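Undergrad:
In our numbering, the protein residues as written are -12 to 173.
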């Protein structure tokens, strides 16, 4: 029970805090082919963490290392064909995340070559990649629409400012000084 609480609290804290501040370290649980469901064994039973790739953004290397130890000692990947493979310490390697430009650790397990159903797993990986590409395209379109909206608002504000400047009467200020009976204005 303590092990379940430890990993769930660690992973929850990592996920919650990943939105709070920029993480300095990344950890990814992956499989080849992708799309396998990751299960972890706990005292009260086995629980699914999600489908690969699963990313975490812990604030420190120490948190990342504790999650890695838990993953490699109790977790395994199961593909849609039913093939399974356990994560082991040799599956963990450092990597540089291209999207965030930060260092991280990646635990990748290979599907057993002798297991049946590779075609099914490869097709599922393709579906996962297509879904990820669609999600990335939708996110990019949302960002582009938000940027266009921001530009339109800025243009409206600039136009309103120009109208205000054009319609505001210009007041000439003249300063005059009279010295020894002579007036000088500038």
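Using N, Cα and C, we set each Cβ at its ideal position, and we do this for glycine too. Remember, predicted model here, so these are calculated numbers, not experimental data.
1) Could you check the C-alpha separation between residue 171 and residue 164 for me, to the nearest Å?
2) Pull up the CB-CB distance for residue 182 and residue 91, whole angstroms please, since I reckon it's below 8 Å.
3) Strictly by DSSP, which residues pair up with residue 63?
4) With distances taken between CB atoms, is the gap from residue 38 to residue 96 smaller than 9 Å?
5) Just reading off the alpha helix (DSSP H) that residue 137 is part of, what are its end residues?
6) Please work out which residues of its chain come closer than 7 Å, Cβ to Cβ, to residue 19, disregarding the five sequence neighbours upstream and downstream, and give them in chain order.
7) Could you tell me whether the region 126 to 134 touches the region 49 to 62, where touching means 3 or more Cβ pairs closer than 8 Å?
8) Could you tell me whether the Cβ atoms of residue 64 and residue 71 are closer together than 9 Å?
9) Taking residue 15 as part of the beta strand (DSSP E), name the residues at either end of that continuous run.
10) Kindly indicate the opening and closing residues of the beta strand (DSSP E) around residue 34.
11) From this set, 25, 105 and 145, which residue's C-alpha is nearest residue 57's C-alpha?
12) In its own chain, which residues sit with a C-beta less than 8 Å from the C-beta of residue 22, not counting the 5 before and 5 after it?
TA: To lay it out plainly:
1) Take the alpha-carbon of residue 171 and the one of residue 164: they are about 5 Å apart.
2) Nothing can be reported for residue 182: it is not among the residues displayed for the chain, which extend from -12 to 173.
3) Note: residue 63 sits in a beta bridge opposite 26 and 73.
4) No.
5) That run of the alpha helix (DSSP H) goes 105 to 154.
6) Result list for residue 19: 95, 97 and 98, in chain order.
7) No, the region 126 to 134 does not touch the region 49 to 62.
8) Yes, these two residues count as a Cβ contact at 9 Å.
9) Here the beta strand (DSSP E) through residue 15 covers 13 to 19.
10) Residue 34 -> beta strand (DSSP E) spans 32 to 38.
11) Looking at the Cα atoms, 25 is the closest of the given residues.
12) Hits under 8 Å: 38, 39, 66, 67, 108, 111, 112, 114 and 115.
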